[in-house]
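Sequential numbering from 351 applies to the sequence shown in the numbering used here.
As structure tokens, the structure follows; a few thoughts come after it.
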Amino acid sequence: MGRRRQGESEDGRGEATEQVASESRTDRLRIRAAWMYFVEQMTQNEIADVLGVGRVTIVRMLADARARNEVKITIESELSEIVRLERALEKTFGLQQALVAPLSAPNADPIPAISAKTGSFLSDTMKSGMRVGVGWGQTLFSSLPFISAKSLTDFKVISLLGGVGVVRRVNPAEFAWRFAQIF
């Protein structure tokens, strides 16, 4: 058996060659894991079984693939622009949640779209035990038909209006009592 030179493995390959081969195997394994997860919709446990590694290794591989920009996820939907705008508002203003109501046309009246989004939000948000202070306005009043009625316990609606001085087409106090009737 001959002597090995420094930097040479038992089979005569250099350490650099082995490192490249190892990196190539690692890269291939990482990309296979990403493909199985994002394209084939396999679970991390399923991928771990197929590749013969632990689930934690798969988690690390997927994170590494994302960090290396080897995985790019695009969502082809009109809603993706709305979500992008909502996230931008949340980040810019430090909001917990922002909602954007899509318009049917650039010059469309925004009140119906905003009212529908408001009604949907209120339907999902109102829970038993809540105390809700309400104001008034055309948009809030227009949201009433879009709120799904449900029976809540210990739910109170508090009008945040002062005195009503001028009679208007829409009575400011009417929103509070109609809103309370829904729940």
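Built from N, CA and C at the ideal position, the CB exists for glycine as well.
{"Item": "Short Cβ contact (8 angstroms threshold) for residue 442 with residue 465", "Value": "no"}
{"Item": "Simplified DSSP state of residue 509, which is helix, strand or coil", "Value": "strand"}
{"Item": "Expected contact under 8 angstroms - CB spacing of residue 500 and residue 533 to nearest Å", "Value": "6 angstroms"}
{"Item": "N-terminal and C-terminal residue of the alpha helix (DSSP H) that residue 409 is part of", "Value": "405-417"}
{"Item": "Residue nearest to residue 389 in terms of C-alpha spacing, selected from 526, 418, 424", "Value": "424"}
{"Item": "Residue 398, buried or exposed, once every other Cβ within 10 Å from all chains shown has been counted against 16", "Value": "buried"}
{"Item": "Closest residue to residue 422 among 384, 405, 431, 437 (Cα-Cα distance)", "Value": "384"}
{"Item": "Residue 400 - containing alpha helix (DSSP H), residue span", "Value": "394-401"}
{"Item": "Limits of the alpha helix (DSSP H) - the one that residue 450 falls within", "Value": "No alpha helix (DSSP H) holds residue 450; DSSP gives it neither H nor E."}
{"Item": "Helix, strand or coil at residue 421 according to DSSP, with G and I counted as helix", "Value": "coil"}
{"Item": "Status (buried if at least 16 other CB within 10 Å, exposed otherwise) for residue 386", "Value": "buried"}
{"Item": "Beta carbon of residue 381 nearer than 8 angstroms to that of residue 417", "Value": "no"}
{"Item": "Helix, strand or coil at residue 483 [DSSP, three-state]", "Value": "strand"}
{"Item": "Which of helix, strand or coil DSSP assigns to residue 531", "Value": "helix"}
{"Item": "Element boundaries [alpha helix (DSSP H), containing residue 469]", "Value": "460-475"}
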